[in-house]
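K.L.:
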Amino acid sequence: GNVVKIDDAVEAISTSLERAERMAGVSVSSAFVTINGSHIQTKNSHGVVAVSGPTGEISISDVDRVIEAASAISLPASREVVHVLPREFIVDGESGVKDPIGMSGVRLEVETHVVTASNAAVKNLSKALQEAGIKISDLVFSGLAASYSSLTETEKELGCVLIDIGAGTTSVVAFVDGALSYSGVIPVGAKNVTNDIAIGLRVSLESAEKIKLSLSEINKNDKENKDELDLQNLGISEVSKVSKKTLVEGIIRPRLNEIFTMVRLELEREKIINRIPSGAIITGGGAKTIGIIDCAKRMLTLPTRLGAPSGISGLIDDCLDPSFSVPIGLLIYGSKQEIGESGKKFPMKISLPGKGLFNKIVESIKDLLP
Numbered sequence: 001g002n003v004v005k006i007d008d009a010v011e012a013i014s015t016s017l018e019r020a021e022r023m024a025g026v027s028v029s030s031a032f033v034t035i036n037g038s039h040i041q042t043k044n045s046h047g048v049v050a051v052s053g054p055t056g057e058i059s060i061s062d063v064d065r066v067i068e069a070a071s072a073i074s075l076p077a078s079r080e081v082v083h084v085l086p087r088e089f090i091v092d093g094e095s096g097v098k099d100p101i102g103m104s105g106v107r108l109e110v111e112t113h114v115v116t117a118s119n120a121a122v123k124n125l126s127k128a129l130q131e132a133g134i135k136i137s138d139l140v141f142s143g144l145a146a147s148y149s150s151l152t153e154t155e156k157e158l159g160c161v162l163i164d165i166g167a168g169t170t171s172v173v174a175f176v177d178g179a180l181s182y183s184g185v186i187p188v189g190a191k192n193v194t195n196d197i198a199i200g201l202r203v204s205l206e207s208a209e210k211i212k213l214s215l216s217e218i219n220k221n222d223k224e225n226k227d228e229l230d231l232q233n234l235g236i237s238e239v240s241k242v243s244k245k246t247l248v249e250g251i252i253r254p255r256l257n258e259i260f261t262m263v264r265l266e267l268e269r270e271k272i273i274n275r276i277p278s279g280a281i282i283t284g285g286g287a288k289t290i291g292i293i294d295c296a297k298r299m300l301t302l303p304t305r306l307g308a309p310s311g312i313s314g315l316i317d318d319c320l321d322p323s324f325s326v327p328i329g330l331l332i333y334g335s336k337q338e339i340g341e342s343g344k345k346f347p348m349k350i351s352l353p354g355k356g357l358f359n360k361i362v363e364s365i366k367d368l369l370p
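Right under this line is the structure:
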């Protein structure tokens, strides 16, 4: 989402920062930060340059130049580039090249996926962080961050779509042949499900959220054989019992159907729906909504699984929850950026601050990566 009130955002950031610094025993001056919201837009772009070296061997400088050429897209003054992600390189007409460095050729081309954001959204986020004493080391689209913790390399190579359901938005990122080929943000999320429950049962938003979480996808088997749900232990005063069928089929499912219908329409429009045999991976806090996996399978007609953080050993159980996919993915992204394994605006090594909390966490994460 967007920062809509700077003072509140600064207060929230400062409180979280103070806790983190106290727990880690270090001072924080910079951070990797995710950005999301319906203002996020994407497009695919092409770049081409002549190989510059006298021997015809492609260097990192050539790769930098061709990606820079691909990033020279026409944008309105109100937008800015967040990522230019290489999809594939083409050397003298030979496509499908993942890493052209060291190859010989005369002409180097690249197909990229460009992620852009609203200038205003970036400035508001930057201002809130700056007033909290934090410098942005890198801005990362949250859907991209989630992919680092929720997807396997095999899934990305075969083709898959990650659907990250947040509170107010749903981020969609699709990989084809190992490369990010489509991403987008749908302005509907788990908060809409909560609103529907509040309206349908005539309860407060706080009570509706408690009801939704009590029926999470992860715990659904505990109540599967009961139609009447006893809500007294939730501390809700407005209603004590409710029909599970009414709640799930009459209130929750229609909103989930809407979300996955919108996702499918995007995948069909981009001609990707038939190129992702690994199927759909559902993550984010909204992924715990009851019935979500079955609904996604039915609406997308794709194999579907729940996506939770993986690929790092030693995580406590609380962090193995779908709602942690973005922050855990951001840590992995940051560690890979430091050692030059992850694409951003240019595929270059990024140095993290030597004494910051994030650097301390990144060093720990690198030790845990397989």
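Quick note: the sequence shown, position 278, residue 278 per UniProt numbering, numbers continuous.
All C-beta atoms in this analysis are idealised placements derived from N, C-alpha and C, irrespective of residue type, glycine included.
Fair warning: this is a prediction, and the values are worked out from it, not measured in the lab.
Pop quiz: S149 and I328 are said to be a contact at Cβ under 8 Å. What is the actual Cβ separation, rounded to whole angstroms?
P.N.:
4 Å
K.L.:
How long is the line joining the alpha carbons of S216 and G56, rounded to whole angstroms?
P.N.:
58 Å
K.L.:
So if DSSP puts V114 in a beta bridge, which residue, or which two residues, is it bridged to?
P.N.:
For V114, which the question treats as bridged, DSSP gives the partners K43, V84.
K.L.:
Between D230 and V239, what straight-line distance do the alpha-carbon atoms span, to the nearest angstrom?
P.N.:
9 Å
K.L.:
Keeping to the same chain, check which residues put their C-beta closer than 6 Å to that of N2; ignore five residues upstream and five downstream.
P.N.:
G37, A121
K.L.:
Taking the DSSP output, what are the residues bridged to R79?
P.N.:
S118
K.L.:
For I273 and G235, I'd like the C-alpha separation in whole angstroms.
P.N.:
Rounded to whole angstroms, the gap between the alpha carbons of I273 and G235 is 44 Å.
K.L.:
C160 and A280 - do their beta-carbons sit closer together than 9 Å?
P.N.:
Yes.
K.L.:
Would T301 pass as a contact of I252 if the rule is Cβ separation under 9 Å?
P.N.:
no
K.L.:
Across which residues does DSSP place G184 in a beta bridge pair?
P.N.:
V172
K.L.:
Can you give the beta carbon distance from residue 380 to G286, rounded, assuming they're within the 8 Å contact cut?
P.N.:
The structure shown has nothing for residue 380, since the chain only spans 1 to 370.
K.L.:
For C160, which residues does DSSP report across the bridge?
P.N.:
F175
K.L.:
Would you mind working out which of S323, A24, R269, M299 sits nearest L256, comparing C-alpha positions?
P.N.:
M299
K.L.:
Whose CA, out of S335, G314, S278, Y333, lies closest to the CA of G307?
P.N.:
It is S278.
K.L.:
Assuming D7 is part of the alpha helix (DSSP H), what are its boundary residues?
P.N.:
6-24
K.L.:
Please list the terminal residues of the continuous alpha helix (DSSP H) segment that includes E258.
P.N.:
253-269
K.L.:
From N233 to S243, what distance separates their C-alpha atoms?
P.N.:
16 Å
K.L.:
Where DSSP assigns a beta bridge to F324, which residues make up the other side?
P.N.:
Partner(s): none; F324 has no beta bridge.
K.L.:
Taking 8 Å as the limit between beta carbons, can you name the residues of its chain near K98, skipping five residues before and five after?
P.N.:
Once the five neighbours on either side are set aside, the close Cβ partners of K98 are E88, F89, G178.
K.L.:
Rounded C-beta distance between F141 and K156? I'm assuming under 8 Å.
P.N.:
In fact, because the Cβ distance is near 16 Å, the residues do not count as touching under 8 Å.
K.L.:
Take S118 and list the residues in its own chain whose beta-carbon comes closer than 7 Å to its own, dropping the five residues that flank it on each side.
P.N.:
H39, S78, R79
K.L.:
Quick check on DSSP: helix, strand or coil for E153?
P.N.:
helix
K.L.:
Are three or more beta carbon pairs between the region 61-79 and the region 203-216 nearer than 8 Å?
P.N.:
no
K.L.:
Tell me which residue opens and which closes the beta strand (DSSP E) that residue 371 is part of.
P.N.:
The structure shown does not extend to residue 371, since the chain is modelled only from 1 to 370, so the question has no answer here.
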